[in-house]
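Residue 1 is where the sequence shown starts when you use this note's numbering, and the numbers rise one by one after that. Using N, Cα and C, we set each Cβ at its ideal position, and we do this for glycine too.
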Amino acid sequence: MAAPLQYPLCCQTVTFYHADPEAHTITRTVVQGVHFDTRRRETAAGGSGPAGSAATAFLLVIPEKHAAFGRDYTLEPHDRVLAGTGPEVSYTQWLDFTPAKVPGLAAVQYVDCKTAAGQAAHVEAGGWWTRSGSGAHSLSN
């Protein structure tokens with residue numbers, strides 16, 4: 001039997017935000033015991049993009065043992081993530097609650113549930129965006 005997965009880097013707190021356009025509400029969920037890594041990529045002259053173009057990316061890992069997906073929290077594309085315990089956000093504030101306008105805020109573009117030995121192990125989520133905060137752009141180019 002394999003040893004259980006260990007998550008020594010999962011010691012941070014984040015806040016998830018999910019908008020419900022039909023109900024005009026924002027659900028805010030604080031989750032502890034995660035790893036939230038952000039990074040910046042800049043394109044040099046002669047690269048695949050215009051010189052000086054930049055993108056920000058993030059990777060979020062949420063171990064199932066710290067928070068159960070679907071029970072303790074939900075997460076899906078278009079949700080937003082902020083390091084630490086974030087503020088309450090109203091539906092009228094949502095359009096201005098973007099990575100371009102709120103330092104440290106990330107926009108979720110994918111959510112991937114990972115398993116080990118047939119059991120839920122952790123959830124990985126991530127995304128990337130430009131300085132303007134609009135759209136997804138490949139970081140592999």
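Three-way DSSP call (helix, strand, coil) for residue i in this model
| i | result |
| --- | --- |
| residue 118 | coil |
| residue 9 | coil |
| residue 25 | strand |
| residue 138 | With a pLDDT of 36 at residue 138, under the threshold of 50, the modelled position of that residue is not reliable, and the figure given next carries that caveat. Here residue 138 sits in coil by DSSP. |
| residue 92 | helix |
| residue 64 | coil |
| residue 15 | strand |
| residue 78 | coil |
Anticipated Cβ contact below 8 angstroms, residue i with residue j, distance rounded
| i | j | result |
| --- | --- | --- |
| residue 122 | residue 62 | 6 angstroms |
| residue 42 | residue 57 | Contact doesn't hold; Cβ gap of about 12 angstroms is too wide. |
| residue 38 | residue 85 | That pair is no contact at about 17 angstroms. |
| residue 31 | residue 73 | 6 angstroms |
Own chain residues within Cβ distance below 8 angstroms of residue i, not counting five before or after
| i | result |
| --- | --- |
| residue 126 | 57, 58, 59, 60, 108, 109 and 110 |
| residue 82 | 14, 15, 17, 102, 104, 105 and 106 |
| residue 67 | 31, 32, 33, 34 and 73 |
Beta-bridge pairing of residue i - partner residues as DSSP gives them
| i | result |
| --- | --- |
| residue 98 | According to DSSP, residue 98 bridges with nothing at all. |
| residue 126 | 59 and 110 |
| residue 73 | 69 |
| residue 38 | 58 |
Nonlocal neighbours in the same chain, by C-beta distance under 7 angstroms from residue i, ignoring five residues either side
| i | result |
| --- | --- |
| residue 88 | 28 |
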